[in-house]
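When you line the sequence shown up against mature numbering (1 follows the signal peptide of the UniProt record, and there is no 0), it's residues -31 to -1, 1 to 281, in that order. Virtual Cβ for every residue (Gly too), placed ideally from N, Cα, C. Accompanying notes for the structure given below.
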Amino acid sequence: MKLGIKGIRRGPATVTVALTTGALIAGGAFASTAQAAAPKAPYFAKARAAAPKAPSIVAKGGFVMNNGTGTTLFTKAADTRRSTGSTTKIMTARVVLAQKGLNLDSKVTIQKAYSDYIVSKGASSARLIVGDKVTVRQLLYGLMLPSGCDAAYALADKFGSGSTRAARVKSFIGKMNSTAKTLGLKNTHFDSFDGIGNGSNYSTPRDLTKLASSAMKYSTFRSVVKTKSTKQKVTTKSGGYRYMSWTNTNKLLGTYSGAIGVKTGSGPASKYCLVFAATRNGKTVIGTVLTSTSEANRTSDAKKLMDYGFKK
């Protein structure tokens, strides 16, 4: 009973506490605890306003995900099949890197067929010279930085199986498709080793992003695709050496904070494509835009999507 009397005597102090905690005093009675704890409506309005607005992109298709968790952050026609251009070369590299007992320093002799191919197709080139001996590692740089279709051909010829070049190339493309199946890329198919397809070389923003995420698990792939430019010493036919200089076609490197890859693509059917990735504060976002209208727009689209991804 003394405790009750003590509480009554300290009434004024109790009133002071009640006021500072936001409780209401009406007719000498305290408001209920639930009323006192209820946040004001403007708090929730501010929280809603803080949510980032999904960006508008020029590209016909787009997809972004958190590379660490696999959480989808943005979609636009993410499962619509489209021509992929040279983003196909991500799979070319992925197949090479998955080879058992791979020796990145083994050498490949550049054949006339590779240079004839890029001339006949008007294809992007690593400017490989017939007779030169180039390592597999160097071919990966030539494949991913200047988007060399000659380097892609050399790798397909090296890592395909068969007694003829045609058989080896066919075998390599088969490996690309079997890898796509293993990775669960249901809307992806390859009919070329470099993206210069024959009507059935396609993928989707979601599938290409998943492919790139898988490829980024290889340290060599990560090292290659984040490189802005490189100078490689190769052995010539006569036993001497020359230096090959390659610059990355990915303009995000050096212009977007945290950019770490991945691959550009372009062509008559694919228009302008870009598979991109960046890391900030331990968070990596990775994604794809397909069928943008220009090189500048695909870069702008990618930046918008990464900005959005980092805010989510």
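Practice item. Check whether the segment 142 to 149 touches the segment 192 to 199, counting contact only when three or more Cβ pairs, one atom from each stretch, lie closer than 8 angstroms. Key: Contact between the segment 142 to 149 and the segment 192 to 199 is absent: fewer than 3 CB-CB pairs across the two stretches fall below 8 angstroms.
Check your understanding: Among Lys58, Arg63, Gly111, Gly168, which has the Cα closest to the Cα of glycine 234?
Key -> Nearest C-alpha to glycine 234: Lys58.
Review point. According to the Cβ coordinates, are residue 300 and alanine 238 closer than 8 angstroms?
Key: Summary: the structure shown does not reach residue 300, with the chain confined to residues -31 through 281, and so no result is reported for it.
Exercise for review: Buried or exposed for lysine 22, please, with buried defined as at least 16 other CB atoms from any protein chain shown within 10 angstroms of its CB.
Suggested key: Under this definition lysine 22 is an exposed residue.
Point to revise | Neighbourhood of lysine 272 by C-beta, 8 angstroms cutoff - its chain only, sequence neighbours within 5 removed | key: Closer than 8 angstroms at Cβ, skipping near neighbours: Leu221, Tyr225.
Point to revise | Contact check, leucine 73 vs valine 105, beta carbons under 8 angstroms | key: Yes.
Practice item. Count the other CB atoms, across all protein chains shown, that sit within 10 Å of the CB of aspartate 119; report buried if there are 16 or more and exposed otherwise. Key: buried
Point to revise | Unbroken alpha helix (DSSP H) run spanning glycine 267, endpoints | key: Here residue 267 turns out to be arginine, not glycine, going by the sequence shown. Element bounds for arginine 267: 264 to 280.
Review point. For tyrosine 122, which beta-bridge partners are listed by DSSP?
Key: DSSP output for tyrosine 122 lists no bridge partner at all.
Point to revise | Simplified DSSP state of glutamine 201, which is helix, strand or coil | key: strand
Review point. Taking the C-alpha atoms as reference points, what is the distance between glycine 168 and aspartate 160?
Key: 8 angstroms
Review point. If you draw a straight line from the C-alpha of asparagine 170 to the C-alpha of leucine 42, how long is it?
Key: Answer to the nearest angstrom: the Cα atoms are 26 angstroms apart.
Point to revise | Segments of 4+ residues assigned as alpha helix (DSSP H) that fall wholly inside the segment 79 to 128 | key: 81 to 90, 105 to 113, 118 to 128
Practice item. Indicate whether threonine 173 and threonine 49 have their beta-carbon atoms separated by less than 8 angstroms. Key: yes
Exercise for review: Give the DSSP-derived three-state secondary structure of residue 369 in the structure shown.
Suggested key: The chain is shown only over -31 to 281; residue 369 falls outside these bounds and no answer can be derived.
**Study point:** Endpoints, alpha helix (DSSP H) assigned at arginine 137
**Key:** 134 to 151
**Study point:** Whether proline 115 touches alanine 95 by CB criterion (8 angstroms)
**Key:** yes
**Study point:** Bridge partner(s) assigned by DSSP for serine 261
**Key:** Beta-bridge pairing links serine 261 to Tyr241.
Check your understanding: What's the C-alpha gap between methionine 60 and serine 207?
Key -> 33 angstroms
Check your understanding: Residues in its own chain within less than 8 angstroms of valine 88 by CB, not counting five upstream and five downstream?
Key -> none
Exercise for review: Name the residue from Ser261, Leu259, Arg267, Asn250 whose alpha carbon lies nearest to the alpha carbon of phenylalanine 279.
Suggested key: Asn250
Review point. What three-state label does DSSP hand alanine -3 in the structure shown?
Key: Low confidence applies here, because alanine -3 scores a pLDDT of 38, under 50, leaving its location unreliable; read the following figure in that light. Reduced to three states, the DSSP call for alanine -3 is strand.
Exercise for review: Would you mind reading off the limits of the beta strand (DSSP E) that contains alanine 228?
Suggested key: 228 to 236
**Study point:** Beta-carbon proximity list for phenylalanine 32, same chain, < 7 angstroms, skipping 5 on both sides
**Key:** Phe43, Thr44, Ala47, Pro174, Arg175, Thr178, Gly256, Thr257
**Study point:** Neighbourhood of threonine 199 by C-beta distance below 8 angstroms, restricted to the same chain and skipping five residues each side
**Key:** Tyr110, Leu114, Ser214, Trp215
**Study point:** Spatial neighbours of threonine 189 in its chain, beta-carbon cut-off 8 angstroms, leaving aside the 5 residues before and after
**Key:** Excluding sequence neighbours, threonine 189 sits near Leu66, Leu73, Arg106, Leu109.
Check your understanding: Taking C-beta to C-beta, are valine 99 and lysine 81 nearer than 8 angstroms?
Key -> yes
Exercise for review: Taking all protein chains shown into account, decide if serine 261 is buried (16 or more other Cβ within 10 angstroms of its Cβ) or exposed.
Suggested key: buried
Check your understanding: Would you report the Cα separation of serine 132 and leucine 112, rounded to the nearest angstrom?
Key -> One C-alpha to the other measures close to 24 angstroms.
**Study point:** 6 angstroms CB neighbourhood of glycine 117 in its chain, flanking five on each side removed
**Key:** Ser94, Ala95, Gly111
Review point. What residue does the beta strand (DSSP E) around lysine 45 start on, and which one ends it?
Key: 41 to 45
Point to revise | For alanine 228 and leucine 152, the rounded distance between their alpha carbons | key: 25 angstroms
Practice item. Using alpha carbons as the reference points, say which of Asp163, Thr204, Gly39 lies closest to threonine 78. Key: Thr204
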